[in-house]
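Encoded as C-alpha coordinates, the structure appears first; notes follow it.
Numbering (UniProt numbering), first residue to last: 1 to 329.
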(Lines of atoms letter the chains of each structure in order from A; the text may use other names.)
(Lines give C-alpha, C1' and ligand atoms only; values in the text may rest on other atoms or scores of the structure.)
Protein backbone atom coordinates (compact mmCIF):
# COMPACT_ATOMS: atom_id res chain seq x y z
CA UNK A 1 0.00 0.00 0.00
CA UNK A 2 1.31 3.44 -0.96
CA UNK A 3 1.35 6.27 1.60
CA UNK A 4 -1.39 8.18 -0.29
CA UNK A 5 -4.90 6.93 -1.06
CA UNK A 6 -7.07 8.85 -3.53
CA UNK A 7 -10.66 7.87 -2.75
CA UNK A 8 -13.27 8.49 -5.43
CA UNK A 9 -10.52 8.22 -8.02
CA UNK A 10 -12.83 7.23 -10.88
CA UNK A 11 -14.97 10.37 -10.67
CA UNK A 12 -14.26 13.32 -12.94
CA UNK A 13 -12.09 15.29 -10.51
CA UNK A 14 -10.69 12.19 -8.83
CA UNK A 15 -9.45 10.87 -12.16
CA UNK A 16 -7.76 14.18 -12.97
CA UNK A 17 -6.16 14.21 -9.52
CA UNK A 18 -4.90 10.66 -10.06
CA UNK A 19 -3.43 11.59 -13.43
CA UNK A 20 -1.72 14.67 -11.96
CA UNK A 21 -0.40 12.60 -9.03
CA UNK A 22 1.11 10.15 -11.49
CA UNK A 23 2.73 12.93 -13.51
CA UNK A 24 4.09 14.33 -10.22
CA UNK A 25 5.73 10.94 -9.53
CA UNK A 26 3.78 10.38 -6.31
CA UNK A 27 3.31 6.84 -5.02
CA UNK A 28 -0.42 6.35 -4.45
CA UNK A 29 -3.31 3.90 -4.45
CA UNK A 30 -6.62 4.62 -6.17
CA UNK A 31 -9.73 3.62 -4.26
CA UNK A 32 -13.50 3.67 -4.47
CA UNK A 33 -16.53 1.42 -4.87
CA UNK A 34 -16.53 0.50 -8.58
CA UNK A 35 -14.25 -2.48 -9.19
CA UNK A 36 -14.41 -2.37 -12.98
CA UNK A 37 -13.61 1.34 -13.19
CA UNK A 38 -10.86 1.13 -10.58
CA UNK A 39 -9.16 -1.82 -12.24
CA UNK A 40 -9.10 0.02 -15.57
CA UNK A 41 -7.81 3.26 -14.02
CA UNK A 42 -5.17 1.49 -11.95
CA UNK A 43 -3.96 -0.41 -14.99
CA UNK A 44 -3.72 2.75 -17.08
CA UNK A 45 -1.69 4.52 -14.37
CA UNK A 46 0.36 1.55 -13.20
CA UNK A 47 -0.77 1.84 -9.56
CA UNK A 48 -2.51 -0.34 -6.97
CA UNK A 49 -6.22 -0.10 -6.24
CA UNK A 50 -8.49 -0.76 -3.26
CA UNK A 51 -12.23 -1.38 -3.40
CA UNK A 52 -14.27 -0.42 -0.34
CA UNK A 53 -17.58 1.19 0.51
CA UNK A 54 -18.06 3.32 3.62
CA UNK A 55 -20.90 1.56 5.43
CA UNK A 56 -18.77 -0.71 7.64
CA UNK A 57 -16.11 1.01 9.79
CA UNK A 58 -14.09 -2.20 10.06
CA UNK A 59 -13.85 -2.43 6.27
CA UNK A 60 -12.73 1.20 6.03
CA UNK A 61 -10.18 0.70 8.81
CA UNK A 62 -8.71 -2.29 7.01
CA UNK A 63 -8.50 -0.34 3.74
CA UNK A 64 -6.55 2.50 5.38
CA UNK A 65 -3.83 0.27 6.83
CA UNK A 66 -0.40 1.45 5.72
CA UNK A 67 -1.62 4.84 4.50
CA UNK A 68 -0.47 8.21 5.83
CA UNK A 69 -2.71 10.53 3.79
CA UNK A 70 -6.22 10.14 2.38
CA UNK A 71 -7.43 12.49 -0.37
CA UNK A 72 -11.22 12.23 -0.57
CA UNK A 73 -12.55 13.15 -4.03
CA UNK A 74 -15.85 11.31 -3.59
CA UNK A 75 -18.92 13.49 -3.33
CA UNK A 76 -21.51 14.23 -2.23
CA UNK A 77 -19.41 14.90 0.86
CA UNK A 78 -22.62 14.92 2.85
CA UNK A 79 -22.30 11.12 2.63
CA UNK A 80 -18.54 10.51 2.55
CA UNK A 81 -16.88 13.06 4.83
CA UNK A 82 -18.06 11.71 8.17
CA UNK A 83 -17.15 8.02 7.75
CA UNK A 84 -13.78 8.88 6.23
CA UNK A 85 -12.88 11.59 8.77
CA UNK A 86 -13.77 9.27 11.63
CA UNK A 87 -11.76 6.43 10.07
CA UNK A 88 -8.76 8.70 9.55
CA UNK A 89 -8.82 9.76 13.20
CA UNK A 90 -9.06 6.13 14.33
CA UNK A 91 -6.17 5.06 12.12
CA UNK A 92 -3.79 8.01 12.35
CA UNK A 93 -4.24 9.07 8.71
CA UNK A 94 -4.30 12.73 7.63
CA UNK A 95 -7.59 13.64 5.92
CA UNK A 96 -7.78 15.89 2.84
CA UNK A 97 -10.74 16.56 0.56
CA UNK A 98 -11.99 18.83 -2.22
CA UNK A 99 -15.41 19.65 -0.76
CA UNK A 100 -17.29 22.76 -1.77
CA UNK A 101 -20.17 22.03 0.65
CA UNK A 102 -20.25 22.90 4.33
CA UNK A 103 -20.43 19.35 5.71
CA UNK A 104 -16.70 18.59 5.80
CA UNK A 105 -15.91 21.94 7.41
CA UNK A 106 -18.58 21.78 10.09
CA UNK A 107 -17.53 18.23 10.93
CA UNK A 108 -13.84 19.18 10.98
CA UNK A 109 -14.63 21.96 13.46
CA UNK A 110 -16.50 19.48 15.61
CA UNK A 111 -13.70 16.89 15.42
CA UNK A 112 -10.80 19.34 15.88
CA UNK A 113 -9.84 18.38 19.43
CA UNK A 114 -10.31 14.67 18.80
CA UNK A 115 -8.08 14.89 15.73
CA UNK A 116 -5.44 16.86 17.65
CA UNK A 117 -5.28 14.19 20.34
CA UNK A 118 -4.80 11.56 17.62
CA UNK A 119 -2.14 13.74 15.91
CA UNK A 120 -4.26 13.71 12.75
CA UNK A 121 -4.75 16.69 10.45
CA UNK A 122 -8.12 17.49 8.91
CA UNK A 123 -7.66 19.59 5.75
CA UNK A 124 -10.98 19.87 3.92
CA UNK A 125 -10.97 22.02 0.79
CA UNK A 126 -7.26 21.47 0.15
CA UNK A 127 -7.98 22.22 -3.51
CA UNK A 128 -10.69 24.35 -5.09
CA UNK A 129 -12.41 27.56 -4.11
CA UNK A 130 -11.46 27.34 -0.43
CA UNK A 131 -7.79 27.46 -1.36
CA UNK A 132 -8.43 30.28 -3.85
CA UNK A 133 -10.44 32.50 -1.50
CA UNK A 134 -8.31 31.74 1.53
CA UNK A 135 -5.04 32.53 -0.22
CA UNK A 136 -6.36 35.83 -1.60
CA UNK A 137 -7.58 36.78 1.88
CA UNK A 138 -4.25 36.00 3.53
CA UNK A 139 -2.42 37.89 0.77
CA UNK A 140 -4.56 40.97 1.36
CA UNK A 141 -4.47 41.13 5.14
CA UNK A 142 -0.67 41.33 5.22
CA UNK A 143 -1.08 45.03 4.47
CA UNK A 144 -3.99 45.67 6.86
CA UNK A 145 -3.17 46.37 10.51
CA UNK A 146 -6.46 45.19 12.00
CA UNK A 147 -8.86 43.69 9.42
CA UNK A 148 -12.42 43.61 10.69
CA UNK A 149 -14.44 42.65 7.61
CA UNK A 150 -14.17 41.04 4.20
CA UNK A 151 -16.54 40.79 1.26
CA UNK A 152 -15.26 38.17 -1.16
CA UNK A 153 -16.66 36.84 -4.44
CA UNK A 154 -15.92 33.86 -6.66
CA UNK A 155 -16.34 34.19 -10.43
CA UNK A 156 -17.46 30.79 -11.74
CA UNK A 157 -17.29 30.07 -15.47
CA UNK A 158 -17.76 27.11 -17.78
CA UNK A 159 -19.88 23.98 -17.36
CA UNK A 160 -20.15 22.11 -14.07
CA UNK A 161 -19.34 18.42 -13.72
CA UNK A 162 -22.18 15.97 -13.16
CA UNK A 163 -20.85 15.05 -9.73
CA UNK A 164 -20.52 18.67 -8.61
CA UNK A 165 -24.04 19.46 -9.80
CA UNK A 166 -25.51 16.49 -7.92
CA UNK A 167 -23.54 17.37 -4.78
CA UNK A 168 -24.71 20.97 -4.97
CA UNK A 169 -28.33 19.92 -5.45
CA UNK A 170 -28.20 17.58 -2.45
CA UNK A 171 -26.66 20.27 -0.27
CA UNK A 172 -28.91 23.18 -1.14
CA UNK A 173 -29.75 25.08 2.02
CA UNK A 174 -32.64 27.43 2.52
CA UNK A 175 -30.36 29.62 4.62
CA UNK A 176 -27.93 32.17 3.29
CA UNK A 177 -25.28 32.72 5.94
CA UNK A 178 -22.66 35.32 6.73
CA UNK A 179 -20.37 35.83 9.71
CA UNK A 180 -21.21 38.82 11.86
CA UNK A 181 -19.13 39.68 14.92
CA UNK A 182 -17.68 36.17 14.81
CA UNK A 183 -21.00 34.33 14.65
CA UNK A 184 -22.84 32.75 11.71
CA UNK A 185 -26.15 34.51 11.09
CA UNK A 186 -28.69 34.75 8.29
CA UNK A 187 -27.92 37.01 5.35
CA UNK A 188 -30.47 38.55 2.98
CA UNK A 189 -30.26 36.32 -0.11
CA UNK A 190 -31.41 39.18 -2.30
CA UNK A 191 -28.63 41.55 -1.24
CA UNK A 192 -26.48 41.52 -4.37
CA UNK A 193 -23.36 43.67 -4.57
CA UNK A 194 -20.90 44.54 -7.33
CA UNK A 195 -17.30 43.37 -7.73
CA UNK A 196 -14.70 44.19 -10.37
CA UNK A 197 -12.82 40.99 -11.25
CA UNK A 198 -10.27 42.94 -13.30
CA UNK A 199 -11.15 40.92 -16.40
CA UNK A 200 -12.14 43.86 -18.61
CA UNK A 201 -15.88 43.84 -17.90
CA UNK A 202 -15.93 46.33 -15.06
CA UNK A 203 -18.11 45.77 -12.01
CA UNK A 204 -20.61 42.89 -12.22
CA UNK A 205 -23.43 41.81 -9.94
CA UNK A 206 -22.71 39.00 -7.47
CA UNK A 207 -25.27 37.19 -5.35
CA UNK A 208 -24.81 36.06 -1.74
CA UNK A 209 -23.97 32.38 -1.30
CA UNK A 210 -23.08 30.28 1.72
CA UNK A 211 -19.55 29.24 0.81
CA UNK A 212 -17.33 27.23 3.19
CA UNK A 213 -15.17 30.32 3.51
CA UNK A 214 -17.49 31.73 6.16
CA UNK A 215 -15.87 28.97 8.26
CA UNK A 216 -12.36 28.74 6.80
CA UNK A 217 -11.53 32.45 6.52
CA UNK A 218 -12.67 32.92 10.10
CA UNK A 219 -10.50 30.02 11.21
CA UNK A 220 -7.46 31.27 9.28
CA UNK A 221 -7.65 34.98 10.09
CA UNK A 222 -10.16 35.68 12.90
CA UNK A 223 -11.77 38.35 10.71
CA UNK A 224 -15.11 38.66 12.51
CA UNK A 225 -17.28 39.84 9.61
CA UNK A 226 -17.32 37.74 6.43
CA UNK A 227 -19.68 37.78 3.47
CA UNK A 228 -19.29 35.44 0.49
CA UNK A 229 -20.68 35.97 -3.01
CA UNK A 230 -20.73 34.28 -6.40
CA UNK A 231 -20.88 35.55 -9.98
CA UNK A 232 -21.92 32.95 -12.53
CA UNK A 233 -20.93 33.26 -16.18
CA UNK A 234 -22.55 31.17 -18.91
CA UNK A 235 -23.92 27.74 -18.05
CA UNK A 236 -21.91 27.14 -14.88
CA UNK A 237 -25.00 26.19 -12.85
CA UNK A 238 -27.15 23.73 -14.85
CA UNK A 239 -30.93 23.57 -14.55
CA UNK A 240 -31.70 20.47 -16.65
CA UNK A 241 -31.76 16.81 -15.56
CA UNK A 242 -28.46 16.52 -13.70
CA UNK A 243 -27.95 12.84 -14.51
CA UNK A 244 -27.93 13.73 -18.21
CA UNK A 245 -24.97 16.10 -17.83
CA UNK A 246 -21.58 15.26 -19.26
CA UNK A 247 -19.13 13.84 -16.73
CA UNK A 248 -17.28 17.16 -16.75
CA UNK A 249 -15.98 19.98 -18.93
CA UNK A 250 -13.57 19.17 -21.74
CA UNK A 251 -9.97 20.33 -21.60
CA UNK A 252 -10.84 23.03 -24.13
CA UNK A 253 -13.77 24.23 -22.02
CA UNK A 254 -11.55 24.42 -18.96
CA UNK A 255 -8.87 26.35 -20.82
CA UNK A 256 -11.36 28.92 -22.12
CA UNK A 257 -13.08 29.55 -18.76
CA UNK A 258 -10.65 30.82 -16.12
CA UNK A 259 -11.81 31.62 -12.59
CA UNK A 260 -11.34 34.87 -10.69
CA UNK A 261 -11.73 35.91 -7.06
CA UNK A 262 -12.27 39.51 -5.93
CA UNK A 263 -12.33 40.85 -2.39
CA UNK A 264 -12.59 43.99 -0.31
CA UNK A 265 -11.00 44.03 3.14
CA UNK A 266 -11.82 46.77 5.64
CA UNK A 267 -9.58 47.66 8.57
CA UNK A 268 -10.62 49.00 11.96
CA UNK A 269 -9.63 52.49 10.78
CA UNK A 270 -12.20 52.29 7.97
CA UNK A 271 -9.61 52.02 5.19
CA UNK A 272 -10.41 49.50 2.45
CA UNK A 273 -8.13 47.32 0.35
CA UNK A 274 -9.19 45.61 -2.88
CA UNK A 275 -7.45 42.85 -4.81
CA UNK A 276 -8.16 39.98 -7.18
CA UNK A 277 -6.81 36.52 -7.85
CA UNK A 278 -6.73 35.33 -11.45
CA UNK A 279 -6.42 31.59 -11.84
CA UNK A 280 -7.28 28.62 -14.02
CA UNK A 281 -10.66 26.94 -14.29
CA UNK A 282 -11.80 25.34 -11.06
CA UNK A 283 -11.79 21.85 -12.58
CA UNK A 284 -8.13 22.27 -13.43
CA UNK A 285 -7.19 24.07 -10.23
CA UNK A 286 -8.85 21.61 -7.85
CA UNK A 287 -7.02 18.40 -8.82
CA UNK A 288 -3.70 20.24 -9.22
CA UNK A 289 -3.99 21.99 -5.85
CA UNK A 290 -5.22 18.90 -4.01
CA UNK A 291 -2.33 16.80 -5.31
CA UNK A 292 0.14 19.57 -4.42
CA UNK A 293 -1.38 19.68 -0.92
CA UNK A 294 -1.09 15.90 -0.59
CA UNK A 295 2.55 16.05 -1.71
CA UNK A 296 3.35 18.70 0.89
CA UNK A 297 1.61 16.76 3.65
CA UNK A 298 3.56 13.64 2.71
CA UNK A 299 6.73 15.75 2.96
CA UNK A 300 5.84 16.70 6.53
CA UNK A 301 3.88 19.97 6.29
CA UNK A 302 1.39 18.91 8.93
CA UNK A 303 -0.39 20.45 11.90
CA UNK A 304 -2.83 18.31 13.86
CA UNK A 305 -6.50 19.23 14.00
CA UNK A 306 -8.68 21.23 11.62
CA UNK A 307 -6.54 23.33 9.28
CA UNK A 308 -7.05 25.39 6.13
CA UNK A 309 -4.75 25.41 3.10
CA UNK A 310 -3.96 29.12 3.34
CA UNK A 311 -3.13 28.88 7.03
CA UNK A 312 -1.08 25.71 6.70
CA UNK A 313 0.84 26.48 3.51
CA UNK A 314 0.65 30.28 3.34
CA UNK A 315 -0.98 32.41 0.67
CA UNK A 316 1.69 31.60 -1.91
CA UNK A 317 0.31 28.06 -2.05
CA UNK A 318 -2.02 29.20 -4.82
CA UNK A 319 0.96 30.35 -6.90
CA UNK A 320 2.08 26.73 -7.17
CA UNK A 321 -0.73 26.40 -9.72
CA UNK A 322 0.47 27.84 -13.04
CA UNK A 323 -1.67 30.75 -14.19
CA UNK A 324 -2.47 32.01 -10.68
CA UNK A 325 -1.61 35.65 -9.99
CA UNK A 326 -2.60 38.30 -7.43
CA UNK A 327 -3.33 41.87 -8.45
CA UNK A 328 -3.99 44.86 -6.21
CA UNK A 329 -6.73 47.23 -7.34
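Using N, Cα and C, we set each Cβ at its ideal position, and we do this for glycine too.
It should be emphasised that the depicted structure is a prediction, and the values quoted were computed from it without experimental measurement.
{"Check": "According to the neighbour-count rule (16 or more other Cβ atoms, all chains shown, within 10 Å of its Cβ), is residue 57 buried or exposed?", "Outcome": "exposed"}
{"Check": "Is it the case that the Cβ atoms of residue 216 and residue 310 are separated by a distance below 9 Å?", "Outcome": "yes"}
{"Check": "Rounding to the nearest angstrom, what Cα-Cα distance links residue 221 and residue 146 in this structure?", "Outcome": "10 Å"}
{"Check": "Could you say which of 259, 320, 209, 260 lies nearest to residue 101 if we only look at CA atoms?", "Outcome": "209"}
{"Check": "Residue range of the alpha helix (DSSP H) that residue 77 falls in?", "Outcome": "77–91"}
{"Check": "Would you kindly report the start and end of the unbroken alpha helix (DSSP H) that includes residue 147?", "Outcome": "Residue 147 -> not in any alpha helix (DSSP H); beta strand (DSSP E) instead, spanning 147–157."}
{"Check": "Distance, Cα to Cα, residue 50 vs residue 31?", "Outcome": "5 Å"}
{"Check": "Only counting the same chain, and skipping five residues up and downstream in sequence, which positions put a Cβ closer than 8 Å to that of residue 254?", "Outcome": "158, 280, 281, 283, 284"}
{"Check": "Determine whether the beta carbon atoms of residue 9 and residue 127 lie at a separation below 9 Å.", "Outcome": "no"}
{"Check": "Could you tell me the alpha carbon to alpha carbon distance between residue 59 and residue 131, rounded to whole angstroms?", "Outcome": "31 Å"}
{"Check": "If we ignore side chains and look at the alpha-carbon of each, how far apart do residue 305 and residue 193 end up?", "Outcome": "35 Å"}
{"Check": "Using the beta-carbon count (16 or more within 10 Å), is residue 325 buried or exposed?", "Outcome": "exposed"}
{"Check": "Rounded C-beta distance between residue 261 and residue 123? I'm assuming under 8 Å.", "Outcome": "No, residue 261 and residue 123 are not in contact; Cβ-Cβ is about 20 Å, not under 8 Å."}
{"Check": "Cβ of residue 12 within 9 Å of Cβ of residue 139?", "Outcome": "no"}
{"Check": "For the structure I just gave you, are there three or more beta carbon pairs, one from the segment 264–275 and one from the segment 77–93, closer than 8 Å?", "Outcome": "no"}
{"Check": "Excluding the 5 residues flanking residue 34 on each side, which residues of the same chain have their C-beta closer than 7 Å to its C-beta?", "Outcome": "10"}
{"Check": "Going by CA-CA distance only, name the one from 248, 265, 197 that's closest to residue 232.", "Outcome": "197"}
{"Check": "Tell me the rounded alpha-carbon separation between residue 175 and residue 188.", "Outcome": "9 Å"}
{"Check": "When you compare each of 98, 178, 83 to residue 91 by their alpha carbons, which one comes out closest?", "Outcome": "83"}
{"Check": "Within this structure, are the beta carbons of residue 144 and residue 265 separated by less than 9 Å?", "Outcome": "yes"}
{"Check": "Please look up how many angstroms separate the CB atoms of residue 230 and residue 207, rounded, as I've assumed it's under 8 Å.", "Outcome": "6 Å"}
{"Check": "Going by DSSP, which residues form a beta bridge with residue 178?", "Outcome": "185"}
{"Check": "Tell me which residue opens and which closes the beta strand (DSSP E) that residue 222 is part of.", "Outcome": "Note, residue 222: premise wrong, no beta strand (DSSP E); not H, not E."}
{"Check": "Could you give the distance in angstroms between the alpha-carbon of residue 61 and the alpha-carbon of residue 319?", "Outcome": "35 Å"}
{"Check": "From the DSSP output, in three-state form, read off residue 212 for me.", "Outcome": "coil"}
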